[in-house]
Structures are given as C-alpha cells and as structure tokens.
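One structure below.
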Amino acid sequence: MRISFPPPSPDEIRRLEAAAEGRPRLYRLQLTLLVLAGDAALTCVRVFPLAAPIVLGALLANNTIIDILAAFAVVLLTWLTRPGHRDSGEGIERKDAPNLHAVLDDLRTKLDVGPRMEVRLDDEANAGAREARGLFGIIGNRRVLTLGVPLLALLGKDEVRAVIAHEFGHFSRRHGWLGHWLYQAHLGWLSHAEQIDGESSILDRAGASFAEIFAPALNRRAMVWSRRCEYEADADAAGAVGRGHLVSALARLDAFGEWSNNELPRIEGEWQHTEPTPPDNYLERVIDAFESRSLDLVTASGANEGSRPADWLDTHPTLAARATALGLQPSIAPRENPAGSVLLGGFWPTVAAEYNDRWRKAKTVEWAAAYTRYRLIEAPLLAADPEAVAGWPTARRFEHARVLRRFEPKRGLAELAVLHAEATEDRNVAFAYAAARLAEGDGSAVEAMRLIAKEDASWCMPAYARLIRYLERTGDRAAAHRWARLLESAGESEMRAYELVCSGLVSVGPSPTTRPAPLIEVLRAALAADPAVARAWLAESNAPLTMAGKTPGATLRADALILIIDPFDAMQRPYDVDAIKARHQQVLSGLIEPNALAVVISFYSTEPLPSALHDALEQFPRSCVHVR
-7 MRISFPPPSP
3 DEIRRLEAAA
13 EGRPRLYRLQ
23 LTLLVLAGDA
33 ALTCVRVFPL
43 AAPIVLGALL
53 ANNTIIDILA
63 AFAVVLLTWL
73 TRPGHRDSGE
83 GIERKDAPNL
93 HAVLDDLRTK
103 LDVGPRMEVR
113 LDDEANAGAR
123 EARGLFGIIG
133 NRRVLTLGVP
143 LLALLGKDEV
153 RAVIAHEFGH
163 FSRRHGWLGH
173 WLYQAHLGWL
183 SHAEQIDGES
193 SILDRAGASF
203 AEIFAPALNR
213 RAMVWSRRCE
223 YEADADAAGA
233 VGRGHLVSAL
243 ARLDAFGEWS
253 NNELPRIEGE
263 WQHTEPTPPD
273 NYLERVIDAF
283 ESRSLDLVTA
293 SGANEGSRPA
303 DWLDTHPTLA
313 ARATALGLQP
323 SIAPRENPAG
333 SVLLGGFWPT
343 VAAEYNDRWR
353 KAKTVEWAAA
363 YTRYRLIEAP
373 LLAADPEAVA
383 GWPTARRFEH
393 ARVLRRFEPK
403 RGLAELAVLH
413 AEATEDRNVA
423 FAYAAARLAE
433 GDGSAVEAMR
443 LIAKEDASWC
453 MPAYARLIRY
463 LERTGDRAAA
473 HRWARLLESA
483 GESEMRAYEL
493 VCSGLVSVGP
503 SPTTRPAPLI
513 EVLRAALAAD
523 PAVARAWLAE
533 SNAPLTMAGK
543 TPGATLRADA
553 LILIIDPFDA
563 MQRPYDVDAI
573 KARHQQVLSG
583 LIEPNALAVV
593 ISFYSTEPLP
603 SALHDALEQF
613 PRSCVHVR
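Right, dumping it as structure tokens:
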C-alpha cells in the first residue's frame, strides 16, 4: 500500500516553523517523543506475531528459567526485526586518497565531528551522511560519508570541501543525532507499508493503517526540523570553507540536475544514433557537455525555480532560499580542475575508469537496441518526404508522428493533433496525443486520459502512470496518490494476466511472433549485446485482464521473450537473472504498444526446457530466433 503525504496548509507550516523557532528545545522534545512512540509501535507490529507464542508459553509454564529464556528470545527477535540499511558504493582508504582524508581531518576538527568516519564512493551526483548504531546495531556509533563519483568529476576542490562540510554539519555535536533518527523512523514505516497487500495479516494491515495516520503527522513536524537542520549545516559549511564556495557548489549541482533531466537524454540519444557501442569515457563526455552550458544553465535554473512547484517531501530548501540565508545570490564560480583529480590524485583515473566500466556494462543492451532502432526504424521515417507521409495509412503516419515527437517534439505534437482529429476512435493515437499534451503541461488532457482508461481496461496501467507523472510534476500529490491507488490495483490485475501468460507458454506452448522484421532485428541486436543470453525466441499470446470492482475487463496482447541464460560468466561468477530479464523487458516494452504486455521468462542453459515449450519452439521460424 502507498501512504499519501498531502502538503500541509501554509498556516500550519507557519505555525510549526514558529514553534520550532520560538521554543526549539520543546519542539525537539516533542518530536523525539513522537519518534519514540512510532518506533515502539513499529517494533510491536513486527515482533508481536513472533513473540506472542513465546510470551504465552512462558506464562503458562510459570517457570523462572523459562521466563528468562523467553525474555532473551523477545529481545533477540526485537533486534533481528529492526530495519537495516546497506550502504552503497565502495570504501576508500586513507592510503588510496591521502589528500581527501587530509581534507576530512581538517573539516572534522573545524566542525567538532567525531574521529571515526567511513568514506564510500558511489555512482550518484550527490553526497550523503548517515549515522547509525555500530557493532551489531547496539554498541557505539557508525558514521558513513558517501561521495558520488560524478560529484567529484563535476565540482571543483573547494566546492567539494563545502559539500563535505555541509554533510559533516549533520554529524556535528551542535546538530545532534535527531535528524538521522527521524530519517530512519520515516523510512521504517514507509518500508513496512509498502510490503502490505490484501493477503497480509490483520495485524500487518492494522499497522499499515496506523502508518497512514502516523507517517504524515511525523512528516509534517519532521520536515520543519529537517529543513532547519539543512540551514544549520549550510551555516557550518559556510563558516568552515566559505559561503561563496558552498553556494557555487549548490548552484552547479542544481543546474546539473536540471540539465540531466531536460537535455542529457537528447544528447545521449544523439550519441546512440552514431555510435554502435557505449563510449568508454562517458563520465568525461557528460561533464564536458555540461560545462559548455553551465553558466547559462544556472541563470535558467534560477529563473525557472519560481515556476517549479515546491516539493514538501524534499528536506532541502530551494537553492534561492539557501543562498539568501547565506546573504548571496545563486551563482557558479569558474572551476579550474575537477575535485576528483585533486583530492584522489593518482587514484582518480582508476575510480573514473571503474565508473565508466560499470555504466557501460549497465547500458550495453539498451544502447545496442537504440542504435539499431534508429538505423532500421526511426531514420527511414524521419527521412520520408512530407508529401509521401501524407499519403500513408493512419497506422504508418502514427509511427511517423511518434518518432517525430521524440526528435522534434513540437512538430510531433502537431502531427498527433492532426491524426487525432482524423481518427478519433483510434485509442493508440488518442493515448499518444493525450500523453504528449500532459508532457507539455496541458492539464486539459487529464480528462482525455481518464476516459481512455475508463473505456478500455488494457490502457489503465499506461494511462494512470502518465497521470501520476503529470500530477507529481505539477505538485498535486493528493491527486497523484489517488491515481497511484488505482495504478496499484490495475498492476495486481496485470500481474495476474502476466502469470497466466507465463503458465500458458510453459504448459501449452507459444506461437511465433507476427511483429515486423525491423522490430525483431532491434531485439536481436539487444540480445547479441548481452553475453549471458545463449538463445532466445520471440513469441506472442494473449490473456484476459480482469479488473477489480465494476470495471469491465479486456484482453491483453502479450509479446513474450523466452531466454536461455548461462548460469555463470567467464569468471565463473553467477549472472543476475532478474537484472538480465529486466533490461530485456525494458527494451521489449519500448518497442510494442503501451497497452501490450511485455513478458520475459528464462531458463538456464544447463536445464532442459518443459516438453510442451520445447516442442513448440522447435517449430519456430529462424526469423523469431536468436542464437549466440
């Protein structure tokens, strides 16, 4: 189940902010007691089903030794069921980066941060600080500072020092431990609620119902305190490193985030059209592309900030608010050298190369599909003469409009509008046109998308997903939550259809695909780029889609990819089968209609196929088969 976090009214925000500002110790005490109560309730929900028989047995036995053992067992269960957190990334030792650790030592002294600190590098353009219990989650404190490799490539040395100082501000004795505890308590309830469905126990559902009340109440009060903590950490960083370096770092990161969302996909698409394999210097190319625009982007980002809806769930205040609190305007200072090469020295080329290698491996399949798709499908459509396009049948013109929408959004939207006016009953056209309008911020398309889902249940999943994306982008979280509930229900129905397709493929046998040859070639290119896939077949099927309530059902078309996967790579390391299936399902989903079902099933190359499936696949034409 999902928990809704409607933004509080402006009056309530002002009241909470005034309470936190006027009597901070009392506000902190009240927040601490609220977290303690919620933490105790969550522990009871998790432990009670396991502990109740033990406690009942001890009471019936009425024996001192059994009572002691039962108490020990309950304490052990409480410890075992505590939510854990696994830190991402790789640790970096002092011997590998003495310059970085020298900076950390200096900032620890300035900000009165304890000496024990684990430093890790991950793949995000961000930094983070986390504090938790140490040995066995009981003894001592464990502090982890995580720095993203892209962040070290993006920022200058002093900017990274400012970011680290900000994160250390969350560890300082002035700042305290409450912020870290709030974060963990909040995630604990969210994690519990996400695991609850209609088949969960009464106690679990009761706990989730409590979470629906408790989590928003905690969120409203915690967000006010968390944002105060961010301002405190900013002030610590400004005092230790200089406010100009901090504001420059925040502005560069803010601009990079906007650029990554709005422009980087187009740039990557251009690379994919001309390069058959992912580049081995991706990190450097991305930073160079951003740096050529960064000074312009910070101005655009600042201009757009006022038009972006405020996200109540973001603990970080806006860039403008943080800069104003420091007495400055957002601006990006010139960067001489990336912090990575300065702080990590000779170890930086290895770190950057390993990042590029991880990115390349993760993107190889997607990249091969995109390159082949452009060459076989998109480029011919884009090169078509407008007069020739005008004489094409509706289905072919629709494919042209969809491709045009990807490369020239305004022209694509105009062509979709013309097609929709001519073919008002074509749901593929209606959905694409409504989705394009929502992407452009046209709220009048909400009703059109709602009607598409209402009239044909096979469109519920893609329609709800587009509506949620639009509403979250516009800041209407309450409406987004309502649609998310419907999406969750539709997802359960679609999962049942998915399972029916999978069981039918195994027990009855599939039919060869009737998809056009270019689509099959795109899939074949993606499969050839994956060293784990030994053989594959593309089949098709259908399944009934039964919806909850009075919503009429539908029949889903299913395109099924049947994979034969090697269990180990060349180094005898086991392949991640779920990751392999997920990336090929993503490629397949991008090639078929939004309301079609992309199914992927797999078998190991070391095991025999079920007889019905084996016999059916033996009859498949070679055009539907991939062999490594």
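Its first residue numbered -7, the sequence shown is counted upward by one per residue in the working numbering. Virtual Cβ for every residue (Gly too), placed ideally from N, Cα, C. Just so we're clear, the structure is a prediction, and the values are computed from it rather than from any experiment.
- Residue 226 counts as buried, since no fewer than 16 other beta carbons sit within 10 angstroms of its beta carbon.
- Taking the Cα of residue 249 as reference, the smallest distance to any Cα among 116, 380, 328 and 231 is reached at 116.
- DSSP places residue 380 in the uninterrupted alpha helix (DSSP H) bounded by 378 to 382.
- For residue 120, same chain residues with a beta-carbon under 6 Å away, outside a window of 5 residues either side, are 138 in chain order.
- DSSP, reduced to helix, strand and coil, places residue 322 outside both helices and strands of the structure shown, so it counts as coil.
- Apart from sequence neighbours up to five positions away, the residues of its chain that approach residue 619 with a beta-carbon distance below 6 Å are 527, ordered along the chain.
- Non-local C-beta neighbours of residue 462 in its own chain, meaning closer than 6 Å and more than five positions away in sequence, comprise 430, ordered along the chain.
- When secondary structure is reduced to three states using DSSP, residue 536 falls in the strand class.
- For residue 559, same chain residues with a beta-carbon under 8 Å away, outside a window of 5 residues either side, are 566, 567, 596, 597 and 598 in chain order.
- DSSP places residue 551 inside the beta strand (DSSP E), whose first and last residues are 546 to 557.
- Judged by DSSP in its simplified three-state form, residue 613 adopts coil rather than helix or strand.
- Take the alpha-carbon of residue 494 and the one of residue 415: they are about 35 Å apart.
- Excluding sequence positions up to five before and after residue 422, its CB lies within less than 8 Å of the CB of 412, 416, 440 and 444, all in the same chain and listed in chain order.
- At a cut-off of 3 residues, not a single continuous stretch assigned as beta strand (DSSP E) sits fully inside the segment -1 to 76.
- By DSSP's assignment, residue 140 forms a beta bridge with 114.
- Closest in alpha carbon position to residue 543, among 584, 492 and 446, is 446.
- When rounded, the separation of the alpha-carbon atoms in residue 325 and residue 145 is 15 Å.
- A residue is called buried once 16 or more other Cβ atoms fall within 10 Å of its Cβ, and residue 99 is buried on that count.
- When only Cα atoms are considered, residue 55 and residue 2 end up about 58 Å apart.
- Annotation: the continuous alpha helix (DSSP H) that includes residue 160 extends over 149 to 161.
- Three or more Cβ pairs drawn from the segment 600 to 616 and the segment 492 to 508 lie within less than 8 Å of each other, which places the two stretches in contact.
- Under a 10 Å Cβ-count criterion, residue 554 is classified as buried, with 16 or more other Cβ atoms of the shown protein chains found around its own Cβ.
- Measuring C-alpha to C-alpha distances from residue 579 to each of 382, 20, 142 and 515 identifies 515 as the nearest.
- In the DSSP annotation of this structure, the continuous segment of the alpha helix (DSSP H) that includes residue 282 starts and ends at 274 to 283.
- Going by DSSP, residue 589 is part of the beta strand (DSSP E) stretching over 589 to 596.
- When the beta-carbon positions are compared, residue 312 and residue 237 stay at least 8 Å from each other.
- Separation of residue 67 and residue 60 (C-alpha to C-alpha, rounded to the nearest whole angstrom) is 11 Å.
- Short of 8 Å from the beta carbon of residue 318, and not among the five residues preceding or following it, lie these beta carbons of its own chain, in chain order: 226, 227, 230, 235, 238 and 239.
- In the DSSP assignment, residue 496 falls within the unbroken alpha helix (DSSP H) covering 469 to 499.
- The alpha-carbon of residue 529 is positioned some 55 Å away from that of residue 221.
- By the neighbour-count criterion, in which 16 or more other beta carbons inside 10 Å mark a residue as buried, residue 40 falls on the exposed side.
- The DSSP-derived three-state label of residue 123 is strand.
- With distances taken between CA atoms, residue -1 lies nearest to 212 out of 212, 475, 345 and 276.
- By the 16-neighbour rule on beta-carbons within 10 angstroms, residue 402 is exposed.
- The secondary-structure analysis by DSSP pairs residue 503 across a beta bridge with 532.
- For residue 460, the uninterrupted alpha helix (DSSP H) segment begins and ends at 452 to 466.
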